[in-house]
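J.: Structure in structure tokens, see below.
Numbering (my numbering), first residue to last: 1 to 292.
Structure follows, in structure tokens:
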């Protein structure tokens with residue numbers, strides 16, 4: 001949002017009553033906040049009518065881990081909510097719809113995957129995100145609403161969720177309280193948040209919007225999670241803070257998530273420019289400054 005505002009865009013952000021907007025409590029950011037409930041068509045219609053956006057960036061999703069057995073909310077938000085938002089956007093005259101999918105749609109693939117790869121999700125979250133991607137791809141055509149699906153392969157950086165891997169490792173090193181982890185052999189292809197933002201901004205500003213396309217978003221430096229942890233530990237002198245192998249892998253653990261990003265380069269001229277070391281260094285610096 002800050003990047004779009006800095007570029008002179010008028011930005012509207014939607015929120016739920018329970019939303020925590022702490023990420024925008026720093027320097028002033030000229031954003032119009034509007035309440036919206038993805039499960040309520042009237043709420044969506046009201047928000048769109050009040051703001052009349054030209055572009056909708058749909059990043060909302062309901063996360064589900066392997067231990068969760070109640071999937072109703074995930075289906076309601078990730079599938080039905082996406083359908084409602086897409087339909088109401090078309091009715092409101094939105095010109096571009098950018099939908100955030102997920103790398104978990106692919107399932108467990110040993111090689112870098114292209115956007116044409118068969119979807120074989122192995123988690124309910126992956127299933128609901130795959131369904132939402134297929135929904136957007138087909139329904140947007142019927143509604144004559146130009147759309148693109150972005151599939152992030154994990155994003156890290158300042159102001160990340162505290163329960164994610166990189167923040168957990170950094171907090172352990174800062175607090176000198178060791179944490180238990182799995183073996184760390186999972187291969188990940190994370191992108192730094194500034195690189196991820198730049199791809200979305202290109203989609204907003206592109207003269208030729210690549211409607212109907214699905215685009216992978218990844219950093220281009222796939223490494224085991226253990227390697228990421230080692231980089232952080234070395235920079236923070238946090239030896240012995242990470243207890244590798246103390247926990248088993250999850251039943252639905254995906255051991256390899258890496259992407260081909262040729263399409264993003266071809267369609268948008270985009271590729272990640274931040275090295276893993278530089279991105280992690282900047283993230284550590286943010287937490288050292290007291291970031292939450």
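In this text, a Cβ means the ideal position worked out from N, Cα and C, and glycines have one as well.
(1) Please classify residue 216: is it buried, with 16 or more other beta-carbons within 10 angstroms of its beta-carbon, or exposed?
(2) Tell me where the alpha helix (DSSP H) around residue 287 begins and ends.
(3) For a minimum of 3 consecutive residues, which ranges assigned as the beta strand (DSSP E) are wholly contained in the segment 200 to 248?
(4) So, does the segment 169 to 184 touch the segment 219 to 228, judging by three or more C-beta pairs under 8 Å?
(5) If residue 128 sits next to residue 192, beta carbons under 8 Å apart, how far is it from one beta carbon to the other, in whole angstroms?
(6) Check the C-beta distance from residue 336 over to residue 188 and give it rounded, since I have them as a contact under 8 Å.
(7) Which residues does DSSP list as the beta-bridge partners of residue 33?
(8) Would you mind stating whether residue 166 and residue 156 have Cβ atoms separated by less than 8 Å?
(9) Grab the span of the alpha helix (DSSP H) containing residue 100 for me, first residue to last.
(10) Does the distance from the CB of residue 173 to the CB of residue 118 come in under 8 Å?
(11) So, does the segment 32 to 39 touch the segment 74 to 85, judging by three or more C-beta pairs under 8 Å?
(12) Nearest to residue 250 by alpha carbon, out of 53, 62, 123?
(13) So the candidates are 30, 88, 71; which of them puts its Cα closest to the Cα of residue 54?
(14) Taking buried to mean at least 16 other C-beta atoms within 10 Å of its own C-beta, is residue 105 buried or exposed?
(15) Are residue 59 and residue 100 touching if we call contact CB-CB under 8 Å?
(16) Give me, in chain order, the residues of the same chain whose beta-carbon lies closer than 6 Å to that of residue 132; leave out the 5 immediate sequence neighbours on both sides.
(17) How many Å lie between residue 262 and residue 171 at the Cα?
(18) How close, in whole Å, do the beta carbons of residue 240 and residue 196 come, if the pair is a contact with beta carbons under 8 Å?
(19) Might you give, ordered along the chain, the residues of its own chain that have their beta carbon closer than 7 Å to the beta carbon of residue 130, omitting 5 neighbours on each side?
(20) Which residue or residues does DSSP assign as beta-bridge partners of residue 149?
T.: With the given structure in hand:
(1) Residue numbering aside, residue 216 sits at position 216 when the chain shown is read from its first letter. It counts as buried.
(2) Along the chain shown, read from residue 1 onward, the residue named residue 287 stands at position 287. Per DSSP, residue 287 belongs to the alpha helix (DSSP H) from 276 to 288.
(3) 214 to 217
(4) yes
(5) On the chain shown, position 128 is the one that residue 128 refers to. On the chain shown, position 192 is the one that residue 192 refers to. At roughly 27 Å, the Cβ-Cβ gap does not stay under 8 Å, so residue 128 and residue 192 are not in contact.
(6) Residue 336 lies beyond the stretch modelled for the chain, which goes from 1 to 292, so this question has no answer here.
(7) Translated into the one-based positions of the chain shown, residue 33 becomes position 33. Paired residues: 13.
(8) Taking the chain shown and counting its residues from 1, one reaches residue 166 at position 166. Taking the chain shown and counting its residues from 1, one reaches residue 156 at position 156. Result yes, Cβ atoms of residue 166 and residue 156 sit closer than 8 Å.
(9) On the chain shown, position 100 is the one that residue 100 refers to. From DSSP, residue 100 is part of no alpha helix (DSSP H) but of the beta strand (DSSP E) over 96 to 100.
(10) Within the chain shown, the letter at position 173 stands for residue 173. Within the chain shown, the letter at position 118 stands for residue 118. Contact flag unset, no.
(11) yes
(12) Reading the chain shown from its first residue, position 250 is the one you call residue 250. Ranking 53, 62, 123 by Cα distance to residue 250 puts 123 first.
(13) Indexing the chain shown from 1 puts residue 54 at position 54. The shortest Cα separation from residue 54 among 30, 88, 71 belongs to 88.
(14) Translated into the one-based positions of the chain shown, residue 105 becomes position 105. Buried, because 16 or more other Cβ atoms sit within 10 Å of the Cβ of residue 105.
(15) In the chain shown, residue 59 corresponds to position 59, counting from 1. In the chain shown, residue 100 corresponds to position 100, counting from 1. Closer than 8 Å, so yes.
(16) The residue given as residue 132 occupies position 132 in the chain shown. Closer than 6 Å at the Cβ level, and outside the excluded window around residue 132, lie 78, 79, 82.
(17) The count along the chain shown starts at 1 and reaches residue 262 at position 262. The count along the chain shown starts at 1 and reaches residue 171 at position 171. Those two C-alpha atoms are separated by around 35 Å.
(18) Position 240 of the chain shown, counted from the first residue, corresponds to residue 240. Position 196 of the chain shown, counted from the first residue, corresponds to residue 196. That belief does not hold up - the Cβ atoms of residue 240 and residue 196 are roughly 32 Å apart, past 8 Å.
(19) Position 130 of the chain shown, counting from 1, holds the residue named residue 130. Closer than 7 Å at the Cβ level, and outside the excluded window around residue 130, lie 105, 119, 121.
(20) Here residue 149 corresponds to residue number 149 of the chain shown, with the count starting at 1. Beta-bridge pairing links residue 149 to 99, 214.
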